[in-house]
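> Just passing along the structure, written as structure tokens.
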Amino acid sequence: MRQTSTTISEPVQPTVCKVCLFLADYSSWLLGCGATCIRMEKNMKRIAGAYGMEVETTIMPRHIHMSVWRPNTDERYTYIAAVSHCSIDFSINTRLSELSWEYRRSAANDFA
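As structure tokens, this is what we get:
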């Protein structure tokens, strides 16, 4: 008889680079869909904070400049993203905002 064992591994924290690239795409769509700058910044900080990271952004009319880092380490990533060209769509805007809360809840469960 063959015996198998199952190990439960801890959730893997995403790298600063992966979080930054996700936030670049996320913020590009959020701003393109008509979100306000303050809404975008709050959502990005919520998602980065869910993984123990911080984010700083500079929002231009056609580009978003962001830096993401893990406090007390040398791990940092900076990226410039073009704003997505799409029509104002508050339905997508709302769903993207809900996604930031889902990240926060999910990370609280995974990394608590």
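Position one of the sequence shown corresponds to residue 0 (numbering that gives the first Met the number 0), numbered consecutively onward. The beta carbon of each residue, even a glycine, is placed where N, CA and C say it ideally should be.
1) How long is the line joining the alpha carbons of asparagine 108 and valine 54, rounded to whole angstroms?
2) Output yes or no for whether 8 angstroms exceeds the beta carbon distance between valine 67 and leucine 29.
3) What are the start and end residues of the alpha helix (DSSP H) that includes serine 83?
4) Report all residues from its chain with a CB closer than 7 angstroms to the CB of asparagine 92; omit the five preceding and five following residues, and keep chain order.
5) Could you give the residue range of the alpha helix (DSSP H) that holds valine 18?
6) What are the boundary residues of the beta strand (DSSP E) that methionine 43 is part of?
7) Within a Cβ cutoff of 6 angstroms, which residues of the same chain sit near cysteine 36, ignoring the five residues on either side of it in sequence?
The short version:
1) 22 angstroms
2) no
3) No alpha helix (DSSP H) contains serine 83, which DSSP labels as neither H nor E.
4) Leu29, Cys32, Gly33, Ala34
5) 15 to 31
6) No beta strand (DSSP E) holds methionine 43; the alpha helix (DSSP H) holding it covers 36 to 49.
7) The residues are Ile58.
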